[in-house]
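For reference, the structure is listed below as structure tokens.
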Amino acid sequence: KFPWMCGQYGGGGFVLIYILCLLLLGLPVMTMEFAVGRAAQASPIHMYQKLERKGQKWHLHGYVAFFGNIALMAFYTVVTGWIIYYFVKFLTGQTENLGFVTMITNPGVNVTYLAVTVIVAFGILCFNLQGGLERITKYMMTLLMVLMVVLAIHSATLSGAAEGLKFYLVPDFSKITGPVIVGAMNQAFFTLSVGMGSMAIFGSYVGKERSLLGESANVIVLDTFVAIVAGLIMFPACYTYGLEVNAGPSLLFDTMATVFNHMAGGRWWGTLFFLFMCFAAFSTVIGVFQNLITFWTDMTDAPRKKIVAYHIVALIVLCLPCALGYNVLSGLQPLGEGTAILDLEDFLVSNNILPLGSIVYVLFCACKNGWGWENFMDEANAGEGLKFPNGIRLYVKYILPLIILFVFVMGYLSMFSK
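Residue numbers (this note's numbering): -2 to 415.
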């Protein structure tokens, strides 16, 4: 998502604000969500109940987090299906007429690959294969990063490289407007998945021998590396082959397909790239699906396989509106002309649930009528690694939530002023 957001919001200025948001907002919020998850060892609904005092209502955010996970998967599984489709096309050498618009306007393609995504992901969880997948994914992600570096070097040799890199890396401060700041913050929260319990679940698996600020920093460094290198691949290619930098979600698919179609052995480079992207996407899908299953196993005594079977049917049905949003349901434009159902679902998650949920985690950890600062610090700083500084308590308790709230409100004001 980062490269096309960067293209839509003017390039280098967006990159600068995005990195600042990761450091000033994303890093402390992720550390707090990790800490809550590791301390509670439960799903988001029950983790609040285990840590809050009797009579408090912090656990209500757990239900919002549950809805957020569903809303995220309502469109993320469709996007994962697009990646699988491109992988299949490159593997079989059917790339001559391959195009993003052609794909999304075909309801059969969208629904089929959505179903494949959901069934494969839940199948892995049903048979407890995620441990093996995790080991494979570690190697796949390493290979993906190596491949991306190779492709970035290749893009640097293209005729439009200088112009593309200037757009991408040199901030134009005149383009840093309110919507750019809002977009950068929302993308920072989206890429880190903070604010709706996903990182709390992963935090519950982090051992006490590791401090949580260091773990958060590792995630942010690797995540940002991949995002930045993706732009180094795409923007030189856009300026070389005459592709629109503000094309939106199609940027990844059309730009990369064009790059591979102009490379020697491009079919196999493309096959590897989209294969690795499949593993990257599935790592997220399976992580969130595990969250959803954990919600229900904490609340019911139903067998795990029965819960999985219900989720397969329910998720496919819930994802159908997005899958059909560019074809059968293209007449529905919920956020204005040119928008689709995916845009609405993304808006609910990125512009609302994630930033507001992040404020909840901050207040829960920093305020004495929540979990409390001392409890948070003890949990976050247990183990070896970077320690969360006690000296920024006032920033975390007062300034950080106000910044998030201010940008959140600014986003709504910019929407209604259009």
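We put the beta carbon where it would ideally sit given N, CA and C, even for glycine.
Spatially closest choice to residue i from the options, by CA coordinates
{"i": "Val98", "options": "Pro168, Trp79, Gln91", "result": "Trp79"}
{"i": "His151", "options": "Leu209, Phe232, Val85, Gln5", "result": "Phe232"}
{"i": "His58", "options": "Asn349, Phe276, Met2, Ser156", "result": "Asn349"}
{"i": "Val359", "options": "Met29, Cys316, Tyr236", "result": "Met29"}
{"i": "Leu13", "options": "Ala224, Ala158, Lys86, Thr102", "result": "Ala224"}
{"i": "Gly23", "options": "Gly388, Leu353, Ala379, Met407", "result": "Leu353"}
{"i": "Cys3", "options": "Gly388, Phe164, Met70, Ile67", "result": "Phe164"}
{"i": "Cys18", "options": "Phe187, Val117, Leu155", "result": "Phe187"}
{"i": "Ala68", "options": "Cys362, Asp340, Ala254", "result": "Asp340"}
{"i": "Leu140", "options": "Ile173, Phe273, Pro0", "result": "Phe273"}
{"i": "Asp295", "options": "Gly7, Ser40, Val218", "result": "Ser40"}
{"i": "Arg35", "options": "Tyr323, Ala306, Glu206", "result": "Glu206"}
{"i": "Phe405", "options": "Met70, Ala181, Leu162, Leu95", "result": "Ala181"}
{"i": "Pro318", "options": "Phe11, Gly52, Val108", "result": "Val108"}
{"i": "Cys316", "options": "Ile173, Leu399, Val75", "result": "Val75"}
{"i": "His43", "options": "Tyr83, Ala197, Ser247", "result": "Ala197"}
{"i": "Arg50", "options": "Asn372, Ala261, Ile401", "result": "Asn372"}
{"i": "Phe257", "options": "Met193, Ala337, Ala149", "result": "Ala149"}
{"i": "Glu93", "options": "Arg264, Lys47, Phe403", "result": "Arg264"}
{"i": "Ile217", "options": "Pro246, Ala185, Ala363", "result": "Ala185"}
{"i": "Trp266", "options": "Lys86, Leu219, Phe11, Cys364", "result": "Lys86"}
{"i": "Gly204", "options": "Ile389, Phe31, Tyr409", "result": "Phe31"}
{"i": "Phe279", "options": "Leu21, Tyr45, Leu122, Leu20", "result": "Leu122"}
{"i": "Thr221", "options": "Ile16, Phe11, Asn378", "result": "Ile16"}
{"i": "Gly120", "options": "Ala214, Val282, Met142, Gly245", "result": "Val282"}
Outcome for residue i when other beta-carbon atoms lying within 10 angstroms are tallied against a minimum of 16
{"i": "Thr89", "result": "exposed"}
{"i": "Asp343", "result": "buried"}
{"i": "Ile133", "result": "exposed"}
{"i": "Ser171", "result": "exposed"}
{"i": "Tyr136", "result": "exposed"}
{"i": "Gln38", "result": "exposed"}
{"i": "Asn183", "result": "buried"}
{"i": "Pro300", "result": "exposed"}
{"i": "Ile81", "result": "buried"}
{"i": "Val179", "result": "buried"}
{"i": "Val357", "result": "buried"}
{"i": "Val226", "result": "buried"}
{"i": "Asn473", "result": "Limits of the chain in this structure are -2 at one end and 415 at the other, which puts residue 473 out of reach."}
{"i": "Gly9", "result": "buried"}
{"i": "Asp251", "result": "buried"}
{"i": "Ala311", "result": "exposed"}
{"i": "Asn378", "result": "buried"}
{"i": "Tyr45", "result": "buried"}
{"i": "Leu391", "result": "exposed"}
Three-way DSSP call (helix, strand, coil) for residue i in this model
{"i": "Arg264", "result": "helix"}
{"i": "Arg207", "result": "strand"}
{"i": "Glu381", "result": "strand"}
{"i": "Arg390", "result": "helix"}
{"i": "Ser414", "result": "coil"}
{"i": "Leu162", "result": "helix"}
{"i": "Tyr83", "result": "helix"}
{"i": "Tyr323", "result": "coil"}
{"i": "Asp429", "result": "Because the chain is modelled from -2 through 415, residue 429 falls outside the range shown and cannot be assessed."}
{"i": "Met193", "result": "coil"}
{"i": "Lys54", "result": "coil"}
{"i": "Trp368", "result": "coil"}
{"i": "Ala227", "result": "helix"}
{"i": "Ser156", "result": "coil"}
{"i": "Leu122", "result": "helix"}
{"i": "Asp375", "result": "helix"}
{"i": "Gln184", "result": "helix"}
{"i": "Gln287", "result": "helix"}
{"i": "Gln91", "result": "coil"}
{"i": "Gly408", "result": "helix"}
{"i": "Asp169", "result": "coil"}
{"i": "Asp298", "result": "coil"}
{"i": "Asn215", "result": "helix"}
Residue i and residue j closer than 8 Å at C-beta
{"i": "Val61", "j": "Val191", "result": "no"}
{"i": "Phe276", "j": "Ala118", "result": "no"}
{"i": "Ile309", "j": "Val147", "result": "no"}
{"i": "Ser195", "j": "Gly284", "result": "yes"}
{"i": "Phe361", "j": "Val33", "result": "yes"}
{"i": "Gln5", "j": "Asn243", "result": "yes"}
{"i": "Tyr236", "j": "Glu160", "result": "yes"}
{"i": "Thr102", "j": "Tyr307", "result": "no"}
{"i": "Ala71", "j": "Ile313", "result": "no"}
{"i": "Gly200", "j": "Gly382", "result": "no"}
{"i": "Val177", "j": "Gly65", "result": "no"}
{"i": "Tyr73", "j": "Phe271", "result": "no"}
{"i": "Leu144", "j": "Leu269", "result": "yes"}
{"i": "Leu321", "j": "Pro104", "result": "yes"}
{"i": "Met374", "j": "Asn387", "result": "yes"}
Any C-beta of chain D under 8 Å from that of residue i
{"i": "Gly129", "result": "Annotation note: the requested chain D is absent from the structure, which comprises a single protein chain."}
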